[in-house]
Structures are given as structure tokens and as C-alpha cells.
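Residue numbers (the working numbering): 140 to 305. C-beta atoms are modelled at their ideal positions from N, C-alpha and C, and glycine is treated no differently. Just so you know, these numbers come straight off a predicted model, no measurement behind them. First up is the structure itself, then whatever we jot down about it.
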């Protein structure tokens, strides 16, 4: 069954909520309705449930498209737990200003204390806006303090993608 998702940022809201949820359709409708009632003050009724159901979208395996911008960041640290904590704090501080769409951090199995983060942005301008945000600047400075050496950045313009699940 295709996973679905719903993203509060795609619906105008006074609260500026940035929550995104995904799951199978029925469980997601229940969770999204509970969230809409609890956080946004809606009334749980058939109209709300149908509106939530209409707003569900298929969760992409990866929605990176040509023209997107992907950044690879290789770094070395023996304090990865601190980096992960700082990344969570960065995401919370950025909130709706976050322009990164997704990120993956992997540990290099062949080189201890070596990690690669892959971050995807809609385009180069969005990546630049992210980099120029003072919250990101502070995050990068703090990460450098727990790294053994300077992180290495590789900036990639996406030319094409292949979906091997089709």
C-alpha cells in the first residue's frame, strides 16, 4: 500500500505549524484529524475528516528532480551524538524557514568516525538561503568545533534521477 503524507505548511495556518506526517491512509487520517483538533482547534467531524483525506498526497520515495541542488558534507568526529543533537536543535530553530527538503546522514563503514550527510534543496537559491541564515551559520560553527578537521562540501546540481521502485 502506498504511504501518504500531509504537511501543515501546505495549508494556511495562523499558528505557522510545520508538522509533516506520513503513514498508511487510515492511520494518517486519524492522526492528522487528532492534530488538527488538538493544535489547530478544529472540530472533529465528517467535513474535517474528508478535508484531511482530500489533502493527502502519495509519499514520494524520493522527489528529487532535475534542477534540484544536493549537497554532500563529509565530516570526521568522535562526537556524533553531539552533532545529531545540534542538528535537531538547528531544525527546531529554523522551523518554517528551513529550505532543505530532506537529509540523510550515513556512517562510513570503512573509516571510523567518518560521516557523510546528503542534503537536498529545491534549487541552488534555496541552498544559498539556507547557508546564509544565521541559525545555519551558528550550527556550522558549532559542528566544526566537534570535528577533527574541516568538513568537505560537494555541491551538486541534479541532472536526472532514476526511480528503481517502478
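Check                                                                                          : Outcome
Alpha-carbon to alpha-carbon, residue 154 and residue 305                                      : Legend: pLDDT at residue 305 = 49, less than 50; position of this residue unreliable, value from coordinates given subsequently. Using only the alpha carbons, I get a separation of about 38 Å.
Three-state class that DSSP yields for residue 272 in the structure shown                      : coil
DSSP state of residue 167 mapped onto helix, strand, coil                                      : helix
Under the three-state DSSP convention, the category residue 234 falls into                     : helix
Boundaries of the beta strand (DSSP E) in which residue 295 is found, first to last residue    : 291-296
Proximity winner among 169, 285, 168 and 206, relative to residue 300 (alpha-carbon distances) : 206
Backbone secondary structure at residue 279 - three-state DSSP                                 : helix
Unbroken alpha helix (DSSP H) run spanning residue 155, endpoints                              : Note, residue 155: premise wrong, no alpha helix (DSSP H); not H, not E.
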